[in-house]
Each structure stands twice: as structure tokens, then as C-alpha cells.
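S.K.: One structure coming up, written as C-alpha cells, with questions to follow.
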Amino acid sequence: MACDLGAYEQALRQLPLPYSLALRLRAGGVAPDVICEYVDVEPAALTSFFQLAEAKLTALMSPSDDTLPRS
Amino acid sequence: MWPLTGRAEELDVVAATLDGRGDTAGIVIAGHAGVGKTRLTREAAACAANLGWTVRWIAGTTAAQPVPLGALAQWATVIDSQPLRIVTDVITAITDSPAGEPVLVLVDDAQLLDDLSAYVLYQLVIRRAATVIVTLRSGGHVPDVITALWKDALLRRIDLQALSRPQCGTLLERVLGGAADPSCVTRMWHLTFGNVLFLRQLVIQEIDAQRLVLGDDGWRWDGPLTVTGSLLDLIDYQIGAISDAAGDVIDMVAIAEPLELDYLTRLADSAAVEYCEQRGLIAVSPPSVGIPRARVGHPLYGEARRARMGSMRLARLSGQIVTAMADARPAGVLADPVRVGRLLLQSDLPADLDVLMRAAQVSYDRHDIDSTSRFAEAAVTAGAGPEARLLLAHTLMHSATPERAQEILDQLTHDPLPDVLQSAVGQLRAANLLWPLARPEVSWHVIDEALRGSSAGFAVEGQAFRAMQLAMAARPAEAAAISSGIDRDRLGAMPTLMLAWALTIACGELGQPDEAVAAAETAAATTAWPSAALQAPVSALAAIHALVLSGEVKRAEVLAAQADREWGDVPGVFRSIAASIRALASLGAGDVRGAHARLRRDLAESTETGARVGVLPHEPTGSSPSAVRPLRRHGWRLLRCR
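Keeping their order, the protein sequence lines are chains Z and D. Per this note's numbering, numbering of the first sequence is gapless, rising by one per residue and ending at 1492. Per this note's numbering, numbering of the second sequence is gapless, rising by one per residue and ending at 647.
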């Protein structure tokens, strides 16, 4: 159940799927070019992609967040 | 407009770019159709405007894509034969702000920009003339110069994703003014995959059909789903159901976007125009950014309407738009000549020679050889005079059919022509035979005829071309000798050009690099019909050749680097000539493999027949069939130099 999950996992599950997938793959040690293929992002844009994913994850995990996605 | 949801982090990136915290000149927002790229860009525009920025909107559209500078028509009012100057003028016009405010340039659907507009955008970024936000639909062909924007780290690329299920729920709640029940959110999210445009279309349809209704416990989605499972199908279903009057409005915009509102309101019912704008079927630019222009609310709407449009309807509506453009001319609204020409060609109107010839000339000035040829061909078919046939022949010389150019030129020799045209026909005949057709002996006979003719003027011009023939035949001393006896004051522009090029080649072979470079400079400065724009890079190519032959390798490399900076990124034949120049300089410096690599790269990037200019050096191991084969397959012909 969601309430039993850690804050990180809960936040991951609220992200759009490509972001959460990329973060999970990276955490699993998958090579960047493979991640690019999975999430359909060009290698030149992968750094920017992860920066956004991390920013969105941080926002979801922030204590002031009211659990709703930011707009 | 639906509230922006789930894009806070992307807006942070925009804010960082606007306040200078970003390390790039702007952002590329990529994503699939309907994911919300334009919506995010609008929000960025609002942020920038609030901060006092001047905001410029540019949109790539299917209708304007075949027109050089089509996306930038409102800034491309000054038409000049030098494309580099066009680029600079357009950039200056775009980045001009009333009181020197910073300028944000928003480019929507950059994948639909024509090559020249894409190049302007590239230069805008390279020169850091403005901050730029570009949207790009994922998955399709993108011009190379646009790809370079993020691959070369000039702009930061953001790949916009569809909304997550929680974000979908938040958006629905905001739009509906109350929470939707969880099953409604889940079903809609599964159906739309979080695509905002899809979600929007679905909600509008289901509210209209009273299946999405407000109950005691919030919004509920009842009843069978009567849409098929794709966004395109849904749009097609909805857009096909609008009234005839609204259909006319969106079809006219789809045919000619960005379409000036002035033309649209002359042609369509104003209530229908307002209806289409209110429903988001079309979007009209605000008066603050220039003449109001309409474009379809989303490229998918245009695609759906064009797919439904038969050829007769396309012809009829195109004709109406051309007529409105002609009627509006006295009011001071001038449409782009190439755009008018294209609409005329697809319309049910009779050919208008003035319109076609103007379109042909402007296309030529913008180095769109294919369009020039098409307009000139239509003008000739409609009975245009020798100027049109001469222009057509000139474009065919650059194409894969120089034989047809020769037929036209041969026919023109039997026509009574004014001296200036008669001279041009003679020069072009000789040139077509000498280069594209590779028949120097016949070219020689053509000039023999001119030299034997009764006109002293033609004889002098014939001597200028004879100098070129001698230079090309590796007889430089004779070329120089004949040149010295020519009275240059009596030469027209084209013979002056030929003579200068001949001298460049001859002096190079005679080991006179300074004289060769001076002659190349004369050639570059000559304004010859029908367009002078190509003369500078071709003259540079001739000068490099002369320097290499004279053993001035370092000087050749410096000149080649300069040429590369000037023309290396200019679309079409310019880029190819620049590649040839660099290759020639590399070859002169003994770097055969480097020269080979440059030409092969240019071949891979070249898409126009007219852009295939190159020198293929023999590899150290001797002749290389493997190198020649792909060139032949791409329509090249191999001329062996001994």
C-alpha cells in the first residue's frame, strides 16, 4: 500500500512515467544510452532530462508540498 | 485557456533563462503532439512580458514550409539578392525593440520551418541576438541547423512529458471547478495517456454530450464512450462536425497560414471567424506583434482538415485567398510574392504572368531553385516571354536536366530578342555546354559563331567567354593574352564575370596568386543577372584553386576558413561550395583524407541537386570506385581532370 512506502517511492510513483523509469534505471546502474532508448530521449538531452526529473521529485518530496502536483 | 498544470519545474527553467541564470541562449521544448509545448511557451511569453521583455512569435506551419522565409514573412519585407544580408536584415527586424528592451523570440513547431528560416533562427542563437524558446514535435524530421541548437549545447533541450495520473486529476479539478470521481480520472488518464490536448478534446466532447456531469459527489463520467482510442480520430470526428462556415475559416487558415486576418475577414463570415477563435480552432496573433495573423489552433487540426479537403475545394479556396490578396494590395497589405505564387499554382485561377514571374525572381533571390523552376515553368506554359524562358533555362542548368535547358536556349536563338537578352542566351548556351553538359567543343563553336557575328558588342563578349574556355582547357597563357586585349568598359555584367573568373583560373595556373585573387574579388563584386548572390562563394572557390596551384597553401587555408565562416551553414548550394572550398584547401595542404571526409559529409547532408558541387580527390591508393559509386547514385557526374 502506498502509505507503507517510503517518501521517495511515493514521490516516484507520482511522477510521469518516463521520469520515474529513468531514475529507477539510473539507480540500477543502467547505461545512459540504454536509458535514452527506454525513455525516448536523445543522449544530448539526457542531462537536462534528469535535472527536470530530480527537480520534480524534490518538489514532490518537499515537506511543504500538499501532495498535489505543483502547477 | 486551460490552466497550466504539472509544469512548475519547466517554468523554473524558463525563469532561469530569462534572468540569465541559465548557461544557454534559450530552450528547446520537445514533445509529442498535444503534450502542451505551445501552452508552456505561452506561459513563458506572459512571464517575459511581465518582466518588460519584447516578445516575438514565429511559427512553423505546413502551409508556409515550402516558402523560403515563409515563417518570417512579416520581417522579411526587404528582399535583396544577397542571402546573408537577408539573414542579417531579418534578425535585425526581429530583435528590434521599441526602447531597447531584451527580446524573447518564441518559435513554435520549428520542425516545420523552411531551411532559410531555420538558418535565421540558428544565426539568431549563434549571435546571441535574443533569448530563444523553440518548440519541436518529437519523432519527425528536423532541419540540421535546428538539431545543432541542442546538440552543440547552444540551447537547453527539455523533453516535455505527458501528465501523470495525479497531475491529470489536478488539471481536471481545476478545469471542472470541482473534483472528479477517481474512476473518471483514471479512465480519462488511461484513454489519453496524460496528453493534455487529447484530454481537453475529450472533456469538451463529453460535457457537450452531457455524459460528463456534476453530481452530488463531484464530477461523474457516465454513458458509453463514443470516441475511438486515438487523439487524431477524436480531432477528426470533432473537426468534421463543425459548421460549413467554420469549416471554411479553418480550411483557409490551414491552406495559407499564417493568414493575415484582413484577408480572412474579407473572405469568411466574421461570426464564423470569432467562433473558430473562441473554440481554439484558430489562434490570432495580437496586434502588438504586428499585422494580426491567424494560424490553426493546433497543427493536428490543420492535418485533420487537409486530410478531408478534396483537390477542388483546395483549388477554390486557394483562388479566393489569392483574389483577396490582390484586392487588398491597394490597402497596403503586401503578401509575400512566393507565397502568392504557390497559392496561385494550386488554385483554380488562370495563370497570372506578373505574379508567377515575381515569385520566380524572388525564389531565385532566396536560392530556392526548385520553386524558381516551377514558377518559371508555369509562366512559360502560360505564354510568358523570353525572360521567363531564359530564367527557366538558367534554373534547369542547376538541376538534373541541363539538356532541357539547352533545348530552351537553342529555341531562343531563333527568336528576335533585344540585344541584352540575345547576349545572355549566347553566354548561357556556351556555359551550359561547357559545364553541366560537359561538351566543351560545342561550347567552343557557340563562341565561334558570336565572334563571327556582325555585332561588335557580341564579339567582345564572345572574347570574354573564349578566355574562360581557354582557362578551362588548361591554356592559361592564351586566356591571359586574350583578356589583355578586351575593352572591359564595353562588357556587360555577365561577360565581366566570366572574364574575371577566367583570369582567376589562368593567373592561378601561371603562378600569379595576387592577380588571381584580385580577379576573384572583381568577380565577387559584379552584379550579373539573374542573381549575384552566388558569385562571392564561387569566386572564393576559384581564388582558393588559384592559391593552391600557386603553392600559397597557408593563404588558401586562411581564405577557406573565412569562406567556411561565411557560408558553411547557409542552406543549399552555399554550404556545398563552402565544403568544396575547405576540401580544396585541405587537398592543397596534402590532407587528402580530410578533403575526402569533408566532401562525403557534404554529400550526406546535401538534399538539393543544385547543391552538389565538389571535388573528389583520388585516394593515395589510386582511383576509388567505392567513393565514386555513391556520388553517381546521387546524380553526380564525374569529370576527370588531367
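Even glycine gets a Cβ: it sits at the ideal position worked out from N, Cα and C.
Using CA atoms only, rank isn't needed, just tell me which of D:A464, D:D420, D:P423, D:L401 is closest to D:G433.
M.R.: Rather than Gly, the amino acid found at residue 433 of chain D in this sequence is Leu. Nearest option by C-alpha distance: D:L401.
S.K.: For the beta strand (DSSP E) that D:R216 lies in, which residues bound it at each end?
M.R.: Premise fails: D:R216 is in no beta strand (DSSP E) and is neither H nor E.
S.K.: Can you find a C-beta in chain D that's less than 7 angstroms from the C-beta of Z:Q1435?
M.R.: Yes, Z:Q1435 lies at the interface with chain D (some Cβ there is under 7 angstroms from its Cβ).
S.K.: Are the Cβ atoms of D:S555 and D:G513 separated by less than 7 angstroms?
M.R.: A contact, by the Cβ cut-off of 7 angstroms.
S.K.: Hey, is D:W194's beta-carbon within less than 7 angstroms of any beta-carbon in chain Z?
M.R.: Cβ-Cβ to chain Z under 7 angstroms: no for D:W194.
S.K.: Could you spell out the range, first to last residue, of the alpha helix (DSSP H) harbouring D:I487?
M.R.: Residues 481-489.
S.K.: Would you mind telling me which residues of chain D sit closer than 8 angstroms to Z:Y1440, beta carbon to beta carbon, in chain order?
M.R.: Chain D residues near Z:Y1440: Q166.
S.K.: Kindly list, in the order they appear in chain Z, the residues whose Cβ is closer than 7 angstroms to that of D:K156.
M.R.: Residues of chain Z passing the Cβ test: A1465.
S.K.: Nearest by alpha-carbon distance to D:I487: which of D:L305, D:G467, D:L160, D:A498 is it?
M.R.: Selected option, being the one with the closest Cα: D:G467.
S.K.: Give the residues of chain D in contact with Z:F1471, contact being defined as C-beta atoms less than 7 angstroms apart.
M.R.: Within chain D, no residue comes near Z:F1471; the closest Cβ sits about 11 angstroms away, beyond 7 angstroms.
S.K.: Quick one: what does DSSP say D:D113 is sitting in, helix, strand or coil?
M.R.: The answer is strand: DSSP assigns D:D113 an E or B state.
S.K.: Taking its Cβ as the centre, do 16 or more other Cβ atoms sit within 10 Å of Z:A1474, making it buried, or is it exposed?
M.R.: Looking at its Cβ environment, which holds 16 or more other Cβ atoms inside 10 Å, Z:A1474 is buried.
S.K.: Between the C-alpha atoms of D:A384 and D:R371, what's the straight-line distance to the nearest angstrom?
M.R.: About 19 angstroms.
S.K.: Excluding the 5 residues flanking D:A484 on each side, which residues of the same chain have their C-beta closer than 7 angstroms to its C-beta?
M.R.: So the qualifying residues of the chain are A472, L475, A476, A507, A511.
S.K.: Could you tell me if D:R44 is buried or exposed, where buried requires 16 or more neighbouring beta carbons within 10 angstroms of its beta carbon?
M.R.: D:R44 comes out buried.
S.K.: Taking DSSP as the reference, what is the three-state secondary structure of D:I34?
M.R.: Three-state DSSP puts D:I34 in a strand.
S.K.: Could you name the residues of the same chain whose beta carbon sits closer than 6 angstroms to that of D:L74, not counting the 5 residues immediately before and after it, in chain order?
M.R.: Within the same chain, D:L74 has close Cβ partners A81, L121, S122.
S.K.: Applying a beta-carbon distance threshold of less than 7 angstroms, which residues of chain D neighbour Z:A1480?
M.R.: Simply A13, E14.
S.K.: Could you check whether D:A498 and D:T509 sit closer than 7 angstroms to each other, using their CB atoms as the reference points?
M.R.: Cβ distance not < 7 angstroms, so D:T509 and D:A498 don't count as in contact.
S.K.: Residues of chain Z with CB closer than 8 angstroms to the CB of D:D17, please, in chain order.
M.R.: Per Cβ cutoff of 8 angstroms: A1476.
S.K.: Would you list the residues sitting across from D:A64 in a DSSP beta bridge?
M.R.: D:A64 is bridged to D:D113.
S.K.: Considering only residues of the region 406-436 of chain D, which uninterrupted alpha helix (DSSP H) runs meet the minimum length of 4 residues and lie entirely inside it, listed in chain order?
M.R.: You should have 407-417.
S.K.: For D:N55, count the other beta carbons within 10 Å of its own beta carbon; 16 or more makes it buried, fewer makes it exposed. Which is it?
M.R.: Counting Cβ neighbours within 10 Å, D:N55 comes out exposed, since fewer than 16 surround it.
S.K.: Which partner residues of D:R300 appear in the DSSP bridge assignment?
M.R.: BP columns for D:R300 point to D:A288.
S.K.: Quick one: does D:I34 have its CB under 7 angstroms from some CB of chain Z?
M.R.: No, its Cβ sits nowhere closer than 7 angstroms to a Cβ of chain Z.
S.K.: Quick check on D:S161 - is its C-beta less than 7 angstroms from some C-beta in chain Z?
M.R.: It should be noted that the sequence gives Arg, not Ser, for residue 161 of chain D. For D:R161, the answer is yes, since a Cβ of chain Z falls inside 7 angstroms of its Cβ.
S.K.: On the criterion of 16 or more Cβ atoms from any shown chain inside 10 Å, does D:P481 qualify as buried, or is it exposed?
M.R.: So D:P481 ends up on the buried side.
S.K.: Please list, in chain order, all residues of the same chain as Z:D1454 whose beta carbon is under 7 angstroms from its beta carbon, the five residues on each side excluded.
M.R.: Result list for Z:D1454: P1464, in chain order.
S.K.: If you reduce the DSSP assignment to three classes, tell me which class D:I662 lands in.
M.R.: Residue 662 of chain D lies beyond the residue range present for chain D, which begins at 6 and ends at 647; the question has no answer from this structure.
S.K.: Which residues in chain Z have a C-beta closer than 8 angstroms to the C-beta of D:G145? List them in chain order.
M.R.: Those within 8 angstroms of D:G145 in chain Z number zero; the least Cβ separation is about 13 angstroms.
S.K.: Restricting to Cα atoms, I'd like to know which of D:D249, D:E265, D:G285 is closest to D:I209.
M.R.: Nearest of D:D249, D:E265, D:G285 to D:I209, Cα basis: D:G285.
S.K.: Taking Cβ to Cβ, would you say D:Q166 is nearer than 7 angstroms to D:L117?
M.R.: No, the Cβ-Cβ distance between D:Q166 and D:L117 is not below 7 angstroms.
S.K.: What separation, rounded to the nearest whole angstrom, lies between the Cα atoms of Z:A1448 and D:R132?
M.R.: Each residue's alpha carbon lies about 39 angstroms from the other.
S.K.: Determine whether the Cβ of Z:V1462 lies closer than 7 angstroms to any Cβ atom of chain D.
M.R.: Yes, Z:V1462 lies at the interface with chain D (some Cβ there is under 7 angstroms from its Cβ).
S.K.: Just the Cα atoms here: how many angstroms apart are Z:L1467 and D:P107?
M.R.: Whole-angstrom Cα-Cα distance: 30 angstroms.
S.K.: Sorted by chain position, which residues of the same chain lie with C-beta nearer than 7 angstroms to D:A340's C-beta, five sequence neighbours on each side aside?
M.R.: For D:A340, where only same-chain residues beyond five positions count, the Cβ hits under 7 angstroms are M330.
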